[in-house]
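Enquirer: Which chain is which? The protein sequence lines are A and B, in order. So in the working numbering, spot 144 of the first sequence is number 188, and the numbers just go up one at a time. So in the working numbering, spot 185 of the second sequence is number 229, and the numbers just go up one at a time. Note that CB positions come from ideal geometry on N, CA and C, so glycine has one too. Supplied in C-alpha cells, the structure appears directly below.
2 protein chains.
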Amino acid sequence: MTYCVALNLKHGLIFASDTRTNAGVDHIASFKKMTCFQNEGERNIFILTSGNLATSQAVIERLQQDIHGQMEKTVLNVPTLFDVADLIGVLSCQIAKQAAKVAQQEVVTFGSNFLVGGQIRGQAPKLYSVYSEGNCIAATEDTPFFQIGESKYGKPILDRVVTYETELAVALKAVLLSFDSSIRSNLSVGFPIDLMVYQVDSLRMPHGRRIHADDEYMLQICQEWGSGLVRLLMDFDDIPLDYTQ
Amino acid sequence: MTYCVALNLKHGLIFASDTRTNAGVDHIASFKKMTCFQNEGERNIFILTSGNLATSQAVIERLQQDIHGQMEKTVLNVPTLFDVADLIGVLSCQIAKQAAKVAQQEVVTFGSNFLVGGQIRGQAPKLYSVYSEGNCIAATEDTPFFQIGESKYGKPILDRVVTYETELAVALKAVLLSFDSSIRSNLSVGFPIDLMVYQVDSLRMPHGRRIHADDEYMLQICQEWGSGLVRLLMDFDDIPLDYTQ
Chain A
45 MTYCVALNLK HGLIFASDTR TNAGVDHIAS FKKMTCFQNE GERNIFILTS GNLATSQAVI
105 ERLQQDIHGQ MEKTVLNVPT LFDVADLIGV LSCQIAKQAA KVAQQEVVTF GSNFLVGGQI
165 RGQAPKLYSV YSEGNCIAAT EDTPFFQIGE SKYGKPILDR VVTYETELAV ALKAVLLSFD
225 SSIRSNLSVG FPIDLMVYQV DSLRMPHGRR IHADDEYMLQ ICQEWGSGLV RLLMDFDDIP
285 LDYTQ
Chain B
45 MTYCVALNLK HGLIFASDTR TNAGVDHIAS FKKMTCFQNE GERNIFILTS GNLATSQAVI
105 ERLQQDIHGQ MEKTVLNVPT LFDVADLIGV LSCQIAKQAA KVAQQEVVTF GSNFLVGGQI
165 RGQAPKLYSV YSEGNCIAAT EDTPFFQIGE SKYGKPILDR VVTYETELAV ALKAVLLSFD
225 SSIRSNLSVG FPIDLMVYQV DSLRMPHGRR IHADDEYMLQ ICQEWGSGLV RLLMDFDDIP
285 LDYTQ
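Written out as C-alpha cells, the structure reads:
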C-alpha cells in the first residue's frame, strides 16, 4: 500500500507521501512517491503516486523523457495544471492497458492513482486527483484535500482540523499526525515521509524535508499529541450514564 | 456496513454499536446490533454483531429459542464465556453455510462477525471476537479492545487513548469520538449509537444508553474535541521546515 496526502489551501499547497511499497508482508521496499517538475519562476508541479508501482514509475519516466525529447506537450509546457493532470491520466491509462494486454490480466491490477498540484505563473494554484481510469477531479474550497492509498486511518484528523483557511503551519502538523495514525495502524504505510510545502505565488521550489522514524520533531509531536488527547478527554464532563450500577 | 467496538478494561467492559445497515446507498435501515443476556447476579453477556444481518439475527434468535426451549447448552448455562463464544461461532457458521447452500452462493456472502463479552460469577470478565469462520480470539491486556465492521476511521483515537488501565469514563469518551470519526467519514455508519458499560464484579445489567444524532452531550464533546485538537496543534512548535521560501 501507500499513503499520500495533498492539500490546496488559501496560503499554499502541502504534499506528503510515505515510502513503503509492499507485495505481501515479506516483500517490502522503500520507493519515493513524490516527484517535482519546475520551470524556475514559471511553474512548480508536484506529483504523488499510489497503486501499481511499475505503472507509476513508467508514467513519471515518460513525463521526464517527453521533456528531454522536447515533445510538443509536456508537463512543463501545457497551458494549465488541468492539462498536466490530463496528460498524466491519459498516459497512466495507456500504460496500464498495455501492461494488462501483455500479461493477459485485468487492467485494474495495473492501475495507478496520482495527486497532481502546483502553480503556473498568472494562474491560481491547483490540485487534482487523477483516477486510474484517466480522468480527474479538482480540490475546491469545500474539499481542499485529497488522499490516495491507505487513507482511512489518517482521514479523521484532517476532517476535524483542516479547512481551506487553515494556516499552513497548523495543517502541516495535522498532516504529520495523519501519517502517524496510518503508520501505527497499517504495516503497509511506513517511514520515511517526504514533505513539501509550497507557498502561493512563490513560484520557487520549496526546500522540502524527509522525515525518518527517529526524527526528533516527529517523535515529540506524536508523544505530545497522545498525552494532549488524553488531557482533553479527561477535561470533558463525564457522560451522564449510570455505569457504576 | 456497521461499526461496533468492545473493550475489556481493568475496571469494566464497554460495548457500543451503531444501528445502520445498508445494501447500497438507497437501501438503508436501522437495526439494533446489541443484545444482552443475563442471569441476575450470576452472569451478564453482551453481544455485538456485524456482517450479514440475516445470519446475525438468526444466531440471536436461535440463542434465545435455545434458552426458552431449555436446551442442554445455552448462553445462560455453559460454564465459561469462551463456551458462549464457541456456541455463537458454531451456530453462525452453520447458519451461513446453510444459507449459502440454499442460495447456491459463496458462504462468505452470508458470514457474520460477533463481539461477545461479559462476566460469569467467580470468573474474570472476558471479551471475544468471533470470526465468521466460527473460531474466536480473546482480548488481552496488550490488546484490550476489538472492532468489527467499518473500523479504520475510528481506530486511531482508540489506539492513542485506550490502554487496559484507562478509566471507564475516559475510555467511554474515546469510544464516542471513535464513533463520531466513523460516522463523519462513512455513510454506512449511523446514529443512534447503543452504549453499555459494565463494571467489573457488579454482575448487574447496566442501564445503558441510546445516543441519537441530536444528543446534547454528544454534540458538545464533538465540538469541544474539534476545537481542542486545533488548540493542541497550534500550541506545538512549528516544524523546522523553511516553507516560506
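#1: With 16 other CB atoms within 10 Å as the buried threshold, where does residue 56 of chain A fall?
#2: Residue 218 of chain A touches chain B at which residues, Cβ-Cβ below 7 angstroms?
#3: With H, G and I counted as helix, E and B as strand and the rest as coil, what does DSSP make of residue 73 of chain B?
#4: What's the C-alpha gap between residue 222 of chain A and residue 271 of chain A?
#5: Anything in the region 206-217 of chain A with a Cβ closer than 7 angstroms to a Cβ of chain B? List those residues in chain order, please.
#6: Closest Cβ-Cβ distance between residue 228 of chain B and chain A: below 8 angstroms?
#7: Does the beta-carbon of residue 74 of chain A have 16 or more other beta-carbons within 10 angstroms, so that it is buried, or is it exposed?
#8: Mind checking residue 68 of chain B: buried by the 16 CB within 10 Å criterion, or exposed?
#9: Check whether the Cβ of residue 225 of chain A lies closer than 8 angstroms to any Cβ atom in chain B.
#10: Please compile the residues from chain A whose C-beta is within a distance smaller than 7 angstroms of the C-beta of residue 280 of chain B.
#11: Would you kindly report the start and end of the unbroken alpha helix (DSSP H) that includes residue 148 of chain A?
#12: Beta-carbon within less than 8 angstroms of residue 194 of chain B's beta-carbon, same chain only, minus the 5 sequence neighbours each way: which residues are those?
#13: Which value, in whole angstroms, describes the spacing of the CA atoms of residue 256 of chain B and residue 198 of chain B?
#14: Are residue 3 of chain B and residue 92 of chain B close, meaning C-beta to C-beta below 8 angstroms?
#15: So for residue 122 of chain A, helix, strand or coil by DSSP?
#16: Would DSSP call residue 237 of chain B helix, strand or coil?
#17: Just to confirm, is the Cβ distance from residue 128 of chain A to residue 89 of chain A under 8 angstroms?
#18: Grab the span of the beta strand (DSSP E) containing residue 24 of chain A for me, first residue to last.
#19: With residue 205 of chain A as the anchor, note down where its beta strand (DSSP E) starts and where it stops.
#20: What did DSSP end up calling residue 283 of chain A once you bin it into helix, strand or coil?
#21: Would DSSP call residue 133 of chain A helix, strand or coil?
#22: The beta strand (DSSP E) spanning residue 8 of chain B covers which residue range?
#23: Note the first and the last residue of the continuous beta strand (DSSP E) segment covering residue 170 of chain B.
Expert: Taking the structure as given:
#1: Residue environment: residue 56 of chain A is assigned as buried (16 or more neighbouring CB atoms within 10 Å of its CB, all protein chains considered).
#2: Near residue 218 of chain A (Cβ distances below 7 angstroms), the residues of chain B are 277.
#3: DSSP places residue 73 of chain B in strand when its eight states are reduced to three.
#4: Cα-Cα distance, rounded: 16 angstroms.
#5: Listed by position, the residues of the region 206-217 of chain A near chain B (Cβ gap below 7 angstroms) are 212, 213, 214, 216 and 217.
#6: Chain A, which has a Cβ nearer than 8 angstroms to the Cβ of residue 228 of chain B, makes this yes.
#7: A residue is called buried once 16 or more other Cβ atoms fall within 10 Å of its Cβ, and residue 74 of chain A, having fewer, is exposed.
#8: That one is exposed.
#9: Interface flag for residue 225 of chain A against chain B is set, since a Cβ pair is found closer than 8 angstroms.
#10: Within 7 angstroms Cβ-Cβ: 217, 265 and 268.
#11: Per DSSP, residue 148 of chain A belongs to no alpha helix (DSSP H) and is neither H nor E.
#12: Sequence-distant partners of residue 194 of chain B (beyond 5 residues in either direction) whose C-beta falls short of 8 angstroms from its own C-beta, in its chain, are 45, 46, 47, 226, 230, 232 and 233.
#13: Going by C-alpha positions, residue 256 of chain B is about 18 angstroms away from residue 198 of chain B.
#14: In the structure displayed, chain B extends from 45 to 289; residue 3 of chain B sits before or after that span and is not available.
#15: Coil, per DSSP.
#16: Taken through DSSP and simplified to helix, strand or coil, residue 237 of chain B comes out as strand.
#17: Yes, they are a contact pair.
#18: A question about residue 24 of chain A goes unanswered here, because the residues of chain A that appear run from 45 up to 289.
#19: No beta strand (DSSP E) holds residue 205 of chain A; the alpha helix (DSSP H) holding it covers 199-205.
#20: Three-state DSSP puts residue 283 of chain A in coil, outside helix and strand.
#21: In the three-state reduction of the DSSP assignment, residue 133 of chain A falls in the helix class.
#22: Absent from the model: residue 8 of chain B. The displayed extent of chain B is 45 to 289, so no value can be given.
#23: Start and end: 170-174.
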